[in-house]
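Notes follow the structure.
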Amino acid sequence: MAKEKKERRWLVPNKRAKSFAEERKNKVHMHGQKEGNELTDFEAGLRSGYLMCQSDHAGLFKYKDALDKGKTKAEAKALSKIIGKGK
């Protein structure tokens, strides 16, 4: 009997982050085997960590992008702290 290969569950980071934020807000699993069950403190913490990590990556990207465009380090730092597109 050949073993069936599992497929990785993969989401675009911003879609996963949106889902994690909704789960944290509702305090309940919204996907997978545990759907409908309450989130434990550990699971809520994992989601918080993921969301902070995504924010850090976005800030670092904006910082490096601003430096590449010729901004000073102070200007790049200020731009990197703006949430969203800064409109």
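The numbering of the sequence shown is our numbering, which starts it at 11 and goes up by one. From the three backbone atoms N, C-alpha and C, an ideal C-beta is built for every residue, glycine too.
In this structure, how does DSSP classify residue i when only helix, strand and coil are distinguished?
i, result
"E33", "helix"
"E45", "coil"
"K28", "helix"
"K87", "helix"
Output the distance between the C-alpha atoms of residue i and residue j, rounded to the nearest integer angstrom.
i, j, result
"F71", "I92", "12 Å"
"F45", "L89", "Phe is not the amino acid found at residue 45; the sequence shown has Glu there. Spanning the two alpha carbons is a distance of roughly 39 Å."
"D66", "D51", "22 Å"
"F30", "G69", "19 Å"
"K81", "L61", "27 Å"
"K74", "K87", "9 Å"
Using only alpha-carbon positions, find the residue among the options that is nearest to residue i.
i, options, result
"R26", "H41, K15, K37", "H41"
Once you ignore the five residues that flank residue i on each side, which residues in its own chain have a CB closer than 6 Å to its CB?
i, result
"K35", "none"
Skipping 5 residues on each side, what residues in its chain have a beta carbon closer than 7 Å to that of residue i?
i, result
"E85", "A76"
"P23", "Q64"
Ordered along the chain, which non-local residues of its own chain (more than five positions away) have a Cβ less than 8 Å from that of residue i?
i, result
"L49", "E33, R34, K37, V38, H39, R57"
Subject >> Whole runs of the beta strand (DSSP E) within the stretch 38-84, excluding any shorter than 3 residues >> reply: Whole beta strand (DSSP E) segments, 3+ residues: zero.
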